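These protein sequence lines are chains A and B, in that order.
Under this note's numbering, residues -4 to 226 are what the first sequence spells out, in order.
Under this note's numbering, residues -4 to 226 are what the second sequence spells out, in order.
Protein chains: 2
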Amino acid sequence: MRLVIAKCSVDYAGRLSAHLPLATRLLIHKNDGSLLVHSDGGSYKPLNWMSPPCSLTVHEPDDDQRAAGVTALWRVTHAKTADMLVVSIHEVVHETAHELGLDPGLQKDGVEAHLQKLLAEQIALLGEGTTLVRREYMTAIGPVDILARDASGASLAVEIKRRGGIDGVEQLTRYLELMNRDPLLAPVAGVFAAQEITPQARTLAEDRGIRCLLLDYDAMRGLDDGVPRLF
Amino acid sequence: MRLVIAKCSVDYAGRLSAHLPLATRLLIHKNDGSLLVHSDGGSYKPLNWMSPPCSLTVHEPDDDQRAAGVTALWRVTHAKTADMLVVSIHEVVHETAHELGLDPGLQKDGVEAHLQKLLAEQIALLGEGTTLVRREYMTAIGPVDILARDASGASLAVEIKRRGGIDGVEQLTRYLELMNRDPLLAPVAGVFAAQEITPQARTLAEDRGIRCLLLDYDAMRGLDDGVPRLF
DNA sequence: CACTCGATTTCGTCA
DNA sequence: TGACGAAGTCGAGTG
């Protein structure tokens, strides 16, 4: 990995055209050839970048560019598409390089898959006497997150989201239409379960007779394991 | 901006829990307090991070941590949520700091908005004799990208995407349902226009009587301006 | 290999 | 400010 602090301007031509005016920025040239252009603020997203597979070549500026103050041109071209990133270097403030080696990678816990597992284990949250039929119940148009039966034996199709929006309601509606045509399952009632539900999604769901269920992740996790939080 | 190459492990606790085993990584501490943890590969997304507003404090390791080789603890806490990122530093390989100043920011050109503008200008691509009514035609559930009339005077609602997937067909379907209830507009036919259309989306669209139109961005741009490409 | 879907998504826009 | 849709999205899982 090579780190360069440089006064530069940047042009990108590919799926869109973009330009960065002259300023001092951080250039990160990774071992796989990719390049990130970062400013001293904003989120984790670079101002501009080239994703691997790609390669960087350094060129001499032409007379016009040299007259404009450009001392070097970095050209990063994507190996498969025609995407190109050109960094016009005016001044290198700092440069350093290091061998980092392969990274073991991130271990995650607590995403939608975990919510689904917890709700399957605590299926009574859907109502007293509810029993789990199975997770990822397969239909012709895709898997329903959870299929259950309520105390009266009627089917429940549960769609789980971390953030519940209109799209999730649309998705559950498609499943319900399909499943209610299956005499072995019908009637199937819908439950839209999420950590957050937008007002629009709630309105749409209830208008379609779909029950909304807010999930408290911390409480569910607390019931699941006795492990104290790390910090 | 402070750049540190360090052998470290990282723990995140917030909307989820995540852990990075011990390895050598790049730590970027930006001026707004945010921290990025990058490896020497992957995409532009860091392995882990904390978004602003947040603040970093350095702590001494306790005896257990010191025995495990930890020389310093960086604790980054989010200012509003309870999110926390803890970097356990084992060894600092390199450290440098620079003043970058405010960045003028990125200038973009050429996304979906451009496709919409081009298609509005080249409305005959929808069929000989088609006329533009207006772009961003407002309905109760949102704006339709383009409203037009074909040679026979019938209304056309056009949904434009760069990549046409099932979601776009669903969206257009909702618009069509609504607009066909308006006697001033009905009957309204649908056109799903995109640079790429997935087979599933095409099948769904055609099943619903929606016409699919592949857009050739380069050809449309070529007709639009005589400006040669930058590189 | 292609397609789908989630994401600590982030980012813009608009009501 | 909140909600919604797009992204040069990226990446994982599945048929």
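Built from N, CA and C at the ideal position, the CB exists for glycine as well.
Every value quoted in this text rests on a predicted model; they were computed, and no experiment measured them.
Chain B contact for residue i (CB, 7 Å cutoff)
i, result
"Val222 of chain A", "No answer about Val222 of chain A holds up, because its pLDDT of 41 lies below 50 and its placement is not dependable."
"Ser150 of chain A", "no"
"Gln102 of chain A", "yes"
"Pro99 of chain A", "yes"
"Leu11 of chain A", "yes"
"Pro178 of chain A", "no"
"Asp27 of chain A", "yes"
"Glu165 of chain A", "yes"
"Thr19 of chain A", "yes"
"Leu210 of chain A", "no"
"Leu113 of chain A", "no"
"Val128 of chain A", "no"
"Met(-4) of chain A", "yes"
"Asp213 of chain A", "no"
"Val139 of chain A", "no"
"Val65 of chain A", "no"
"Val71 of chain A", "no"
"Val53 of chain A", "no"
"Val106 of chain A", "yes"
Top-ranked residue by Cα proximity to residue i, from the options
i, options, result
"Leu173 of chain B", "B:Val88, B:Ser46, B:Val53, B:Met133", "B:Met133"
"Ala77 of chain B", "B:Pro56, B:Ser12, B:Ala119, B:Tyr212", "B:Ser12"
"Val153 of chain A", "A:Gly163, A:Ala146, A:Leu17", "A:Gly163"
"Thr198 of chain B", "B:Glu165, B:Leu51, B:Arg176, B:Arg130", "B:Glu165"
"Asn43 of chain A", "A:Gly217, A:His54, A:His14, A:Ala63", "A:His14"
"Gly185 of chain A", "A:Arg169, A:His109, A:Asp177, A:Gln195", "A:Arg169"
"Val178 of chain A", "A:Ile192, A:Leu22, A:Ala149", "Residue 178 of chain A is actually Pro in this sequence, not Val. The candidate whose alpha carbon is nearest that of Pro178 of chain A is A:Ala149."
"Asn26 of chain A", "B:Asn26, B:Gly37, B:Leu31, B:Thr19", "B:Gly37"
"Glu55 of chain B", "B:Leu180, B:His85, B:Lys103", "B:His85"
"Ala200 of chain B", "B:Arg176, B:Tyr212, B:Gly160", "B:Gly160"
"Lys103 of chain A", "B:Arg203, B:Met215, B:Arg10", "B:Arg10"
"Met215 of chain B", "B:Val139, B:Glu131, B:Leu114", "B:Leu114"
"Leu242 of chain B", "B:Gly204, B:Val65, B:Ala108", "It is not possible to answer for residue 242 of chain B, since the shown part of chain B is limited to -4 through 226."
"Val32 of chain A", "A:Arg61, A:Ala181, A:Trp69, A:Asp59", "A:Trp69"
"Pro16 of chain A", "A:Val65, A:Asp57, A:Met(-4)", "A:Val65"
"Arg20 of chain B", "A:Lys40, A:Met(-4), A:Arg20, A:Ala8", "A:Met(-4)"
Closer than 7 Å to chain A by CB, residue i
i, result
"Tyr39 of chain B", "yes"
"Gly36 of chain B", "yes"
"Glu86 of chain B", "no"
"Ser83 of chain B", "no"
"Ile0 of chain B", "yes"
"Ser4 of chain B", "no"
"Pro48 of chain B", "no"
"Pro16 of chain B", "yes"
"Leu42 of chain B", "yes"
"His93 of chain B", "yes"
"Leu80 of chain B", "no"
"Phe226 of chain B", "Confidence at Phe226 of chain B is low in this model, with a pLDDT of 41, below 50, so the placement of that residue should be treated as unreliable; the coordinate-derived value is given next. Interface residue, yes."
"Leu68 of chain B", "no"
"Leu31 of chain B", "yes"
Whole-angstrom C-beta distance between residue j and residue i, which should lie under 8 Å
i, j, result
"Gln111 of chain A", "Ile141 of chain A", "7 Å"
"Leu95 of chain B", "Asp35 of chain A", "4 Å"
"Ser83 of chain A", "Ser4 of chain A", "5 Å"
"Phe187 of chain B", "Leu167 of chain B", "6 Å"
"Ala146 of chain B", "Val128 of chain B", "The Cβ separation is near 14 Å, so there is no contact."
"Leu80 of chain B", "Met45 of chain B", "5 Å"
"Arg157 of chain A", "Gln190 of chain A", "5 Å"
"Ala63 of chain B", "Asp98 of chain A", "The Cβ separation is near 20 Å, so there is no contact."
"Glu107 of chain A", "Ile155 of chain A", "6 Å"
In DSSP terms, what residue i is bridged to
i, result
"Thr19 of chain A", "A:Lys2"
"Leu151 of chain B", "B:Ala143, B:Ala184"
"Met133 of chain B", "B:Pro138"
"Ser50 of chain B", "B:Thr72"
"Val81 of chain A", "A:Asp6, A:Arg70"
"Gln102 of chain A", "B:His14"
"Ile192 of chain A", "A:Gly159"
"Leu201 of chain A", "Strictly speaking, residue 201 of chain A in this sequence is Glu, with Leu absent from that position. Bridge partners of Glu201 of chain A: none, in fact."
Query raised in the report: At a cut of 8 Å, does the region 81 to 93 of chain B reach the region -1 to 7 of chain B through at least three beta carbon pairs?
Result: Contact annotation: the region 81 to 93 of chain B touches the region -1 to 7 of chain B, with at least three C-beta pairs closer than 8 Å.
Query raised in the report: Is there contact between the region 113 to 121 of chain A and the region 208 to 218 of chain A, where contact requires at least three CB pairs shorter than 8 Å?
Result: yes
Query raised in the report: Three or more C-beta pairs closer than 8 Å, one from the region 43 to 54 of chain A and one from the region 64 to 73 of chain A: is that the case here?
Result: yes
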